[in-house]
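Numbering (the numbering used here), first residue to last: 16 to 256.
Idealized CB from N, CA, C, for every residue including glycine.
These numbers come from a predicted model, not from an experiment.
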Amino acid sequence: MDVRAMLEEVATLEGAPKKSMKDFVVQKIATFIATGILKTGDPLPSERELAGALSVSRETVRGAILILSTHGILSVAQGTRTVVASEDVGELAVQAARYRDIAAYSLDNVHEARLLIEAQVVRAAAVKMEASTLDYLGKSIAAQEAACDDPVRFLICDREFHTAIYRSSGNAVLADMAADLYSYLLSHRRRVVSQPGTIATSIADHRLILAGLETRDPDAACAAFAIHETRIYTTTKLLLA
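Have a look at this one:
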């Protein structure tokens, strides 16, 4: 399965009808808002940046922004950046209720669950992942680097990196569970990745994860993922202390 087909499958698996890539991007942006990556008043990354992060065309992004603006979720004005006007995404982000449910659990419980579920998902992905997805992950890391110290741009790329790996496991149930757990306290993660050096450290973690996947080494990929998740847990816990 090539990357485009995988992205279309993700949109279907996350509950959206299998329609166009524009519908897929609408759901993605709505999900970024529902999970707290984007908040009211935040400027949206540029069309070029979103297109690179989501591996779609700028025309597709432009169409999705227009749809979201007609719903009053985004505000578009000539000569200014598009901004988030409302966090009420309704059914456009079909998993919004699940994200709220996950937020009710403790950080320690979510951390333990992520370690268990991601271990299974990453081991399977290391064996099953196709070359096109490995290439996509490499491009995702490049997009993360291009985000520099912009926490919103980085987290958008970060989520796509993680969910692409989850989907490559071939188990839609585990992939959905891993994606839900990933979204836990994302609004707090924005504050964490705003701290100097945090984004660079996460990108270094991602390179180690990709190295394990590229060599088809489940143990190496799983170990790199565990280090990354534990770092996320530790830095989030320090923030909440």
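Looking at 73, 188, 82, 101, the one whose alpha-carbon comes closest to that of residue 42 is 82. The DSSP-derived three-state label of residue 99 is strand. Residues of the same chain with their beta carbon placed closer than 7 Å to that of residue 245 are lacking, with the five preceding and five following residues left out of the count. Excluding the 5 residues flanking it on each side, residue 141 has same chain C-beta neighbours closer than 7 Å at 227, 228, 231, 232, 233, 236, in chain order. Counting only runs of 4 or more residues that sit fully inside the stretch 213-255, the alpha helix (DSSP H) segments are 213-229, 233-255, in chain order.
In the structure shown, residue 202 falls within a helical segment according to DSSP collapsed to helix, strand and coil. In this structure, DSSP gives residue 166 a helical state, which the three-state scheme calls helix.
In summary, residue 211 is exposed, with fewer than 16 beta-carbon neighbours lying within 10 Å of its beta-carbon over all protein chains present. Straight through space, the alpha carbons of residue 54 and residue 98 are spaced by roughly 9 Å. Three or more Cβ pairs closer than 8 Å define a contact, and the stretch 169-176 meets that threshold against the stretch 145-160. By the C-beta density criterion, residue 127 is exposed, having fewer than 16 other C-beta atoms within 10 angstroms. Setting aside the 5 residues that flank it on each side, residue 58 is surrounded in the same chain by 96, 98, each with a C-beta closer than 6 Å to its C-beta; the list follows chain order. Shortest Cα-Cα distance from residue 213 to any of 69, 66, 166 involves 166.
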